[in-house]
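Residue numbers (the working numbering), protein chains in the order written: chain A, 594 to 856; chain B, 29 to 174; chain C, 13 to 345.
Shown next, in the form of structure tokens:
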């Protein structure tokens, strides 16, 4: 917490660090959550594996204690990987919105853990919409009025880096948390340089988009231009610019037919 | 080493970029107006991270069509408070949003005093933290000048 | 050890990252270039084709009845602006022309309608960025107490930015009989913006001709900033009759047998009377005729109406007007 507060004083911004309170029993989790709060944290984190009643309990605790609840989807593969039974992540996202979590890892369409872009956008929409319209390619099978149910901030995470900023902004829009783990810590200039690179890339991209530029196609040029005035961004682009992952995605479409191992 | 060698606070959008020119500011304003946002101008001499509500310079501007109107108000504010932080904020009145959706600093004092981190020792090994604005060390009437 | 480890943009940065290529140009130039797309045009036809201003001018000719002198002046102004545009493209013209105008004429002579079209023309030609019209009167600009006027006037100006500010009965801003009248403050703010922000806004002052002349005589600063004076003449009865046809047509009504002649007679009687407001009086007269038609039909409880029954204004609906029952027009002048 010393570092969090130091960063706050240095920049004038509220900073935070997710303290993971996941534990074997809900009593242990309360204990850890209380401890996090006592330390002065503004946010705690739980993993999906703790189960639904615990998530609901911790969610209620967070509301009462004025804390943000960051929901990690660790373990979701046990529901979602199998396409011929199991539960789509879209349904899990809806349940978690009903449970009242604040942040939710909803996958990403670029990076290490990338899924089908349309399907992933479907997950994002059920987190953020006031009214979800039927949208079959995004896996949204029916209209749904969310009334005044609180929205959830989706989190894009997993192997994303500054060089993909235009794609991230284009795919997911403004209301999203972009989490650069390796994309910050792995920076050759150190963590602070990594953070600067990501922030400059994001700001320059939002600015360009608002100015009416076509970031989807001009994004790489915009980043390259920005890197001329910002060496950390240049280093980031040099390090990760060409990286692509060859994974079998878990977040695949269930609208168009997808081949799975079990079929 | 210093924690913030560039001595520049970084709040809101575009604070890691060079100060926006008036042309660039106009383009952002126009983007917001085209989305139906209402802009407002706020200023403060104490940009503490938890100072959420700065002083309003006039009331929020509804029903504007063109960025020149907001820029007019911003320039009035700059003239009145040249050595203050000034920010532009866009309010989205869409049902279910009803909040500020854009915010960026458009004026800074020449010398940004920044903040100190005050550590207060509490029982056991507990430390309580306070972020303290150097700006507030001077009486309000003496701030906003060099 | 205070030296930064790396360059954060914003602190003596060598070059701004991703600054748009246009950032060197003034906002006006950028916006003008964005709005119009007439950069580089070399012929009148090119400017007109690219801006599509001629369609608005053609609509103006077609939609508005009469007003020949006004239409002529608008064509002149449009021509001047098109030529200015060509001169600007060749570097012969450095500054945007002053476009503030004064529309004088009696009520109902089409000043607001023409101002709306003027805003469109200026927008198409790229002289205003948005082309909307904000119509105000003294009450919208002038406050009730000290310190109230400036924010009020600025509020209106901010809304009008990028378009046309239409100030109806502008002479009410100036009240010489009261030297502490707040109107003067509004005039000064207006003058400042009219002078300094010509690219951002066009101001049109409107009102009766004689009072406007007095206003300009007492406010030379305002007078000198108005580039175009357009005088709107009263409509002759023939024009008003055609306006009536058009108004009815737009509401799916029409004159029945003898009704049009009756309405012409009505106009001849009404024009010399006090408070005659040209097209506005025509509208009001037609509204009253529709009321009478409705009452007439309403009384017929069991009749099945045809579309004709419901859309025809009868001669009787016109002749029921009080204008036919008072003294002859000659006595009224």
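Beta carbons are placed, not taken as given, at the ideal position from N, Cα and C, and that holds for glycine.
CB contact below 8 Å: residue i versus chain C
i: residue 123 of chain B; result: no
i: residue 64 of chain B; result: no
i: residue 93 of chain B; result: yes
i: residue 116 of chain B; result: no
Interface flag, residue i vs chain B, CB-CB below 8 Å
i: residue 175 of chain C; result: yes
i: residue 142 of chain C; result: yes
i: residue 812 of chain A; result: no
i: residue 604 of chain A; result: yes
i: residue 62 of chain C; result: no
i: residue 109 of chain C; result: no
i: residue 171 of chain C; result: yes
i: residue 732 of chain A; result: no
i: residue 212 of chain C; result: yes
i: residue 687 of chain A; result: no
i: residue 209 of chain C; result: yes
Own chain residues within Cβ distance below 7 Å of residue i, not counting five before or after
i: residue 735 of chain A; result: 727
i: residue 601 of chain A; result: 607 and 608
i: residue 642 of chain A; result: 667 and 668
i: residue 42 of chain B; result: 48 and 132
i: residue 128 of chain B; result: 117, 118 and 119
i: residue 686 of chain A; result: 697, 699, 716, 719 and 720
Helix, strand or coil at residue i according to DSSP, with G and I counted as helix
i: residue 116 of chain C; result: strand
i: residue 737 of chain A; result: strand
i: residue 220 of chain C; result: coil
i: residue 686 of chain A; result: helix
i: residue 292 of chain C; result: helix
i: residue 173 of chain C; result: coil
i: residue 36 of chain B; result: coil
i: residue 37 of chain C; result: Here the model assigns residue 37 of chain C a pLDDT of 42, short of 50, so the residue's position is not dependable and the matter cannot be decided.
i: residue 20 of chain C; result: Its pLDDT being 46, under 50, residue 20 of chain C is placed unreliably by the model, and nothing is read from it.
i: residue 266 of chain C; result: strand
i: residue 12 of chain B; result: It is not possible to answer for residue 12 of chain B, since the shown part of chain B is limited to 29 through 174.
i: residue 134 of chain B; result: strand
i: residue 276 of chain C; result: helix
i: residue 847 of chain A; result: coil
One or two residues paired with residue i in a DSSP bridge
i: residue 747 of chain A; result: A:697
i: residue 157 of chain B; result: B:147
i: residue 725 of chain A; result: A:737
i: residue 67 of chain B; result: B:89 and B:118
i: residue 613 of chain A; result: A:638
i: residue 214 of chain C; result: C:176
Test: residue i CB closer than 8 Å to a CB of chain A
i: residue 131 of chain B; result: no
i: residue 135 of chain B; result: no
i: residue 119 of chain B; result: no
i: residue 84 of chain B; result: no
i: residue 44 of chain B; result: yes
Contact set for residue i: own chain, Cβ-Cβ below 8 Å, skip 5 residues either direction
i: residue 798 of chain A; result: 758, 759, 762, 808, 812, 815 and 816
i: residue 87 of chain B; result: 68
i: residue 253 of chain C; result: 272, 275, 276 and 279
heavy atom of the ligand MN below 7 Å from residue i C-beta
i: residue 777 of chain A; result: Looking for the ligand MN in the displayed structure turns up nothing, as the structure carries no ligands at all.
Residue i and residue j closer than 8 Å at C-beta
i: residue 792 of chain A; j: residue 44 of chain B; result: yes
i: residue 115 of chain B; j: residue 70 of chain B; result: yes
i: residue 634 of chain A; j: residue 650 of chain A; result: no
i: residue 53 of chain B; j: residue 99 of chain B; result: yes
i: residue 165 of chain C; j: residue 201 of chain C; result: yes
i: residue 136 of chain B; j: residue 142 of chain C; result: no
i: residue 169 of chain B; j: residue 113 of chain B; result: no
i: residue 247 of chain C; j: residue 302 of chain C; result: no
i: residue 145 of chain B; j: residue 599 of chain A; result: yes
i: residue 94 of chain C; j: residue 56 of chain C; result: yes
i: residue 654 of chain A; j: residue 626 of chain A; result: yes
i: residue 124 of chain B; j: residue 723 of chain A; result: yes
i: residue 732 of chain A; j: residue 806 of chain A; result: no
Cβ neighbours of residue i in the same chain (closer than 6 Å, five flanking residues each side left out)
i: residue 833 of chain A; result: 754 and 756
i: residue 790 of chain A; result: 755, 825, 826 and 829
i: residue 116 of chain C; result: 221, 224 and 243
i: residue 700 of chain A; result: 708, 713 and 844
i: residue 218 of chain C; result: 115, 123 and 180
i: residue 337 of chain C; result: none
i: residue 109 of chain B; result: 71
Closer than 8 Å to chain E by CB, residue i
i: residue 97 of chain B; result: Protein chains in the displayed structure are A, B and C, and chain E is not among them.
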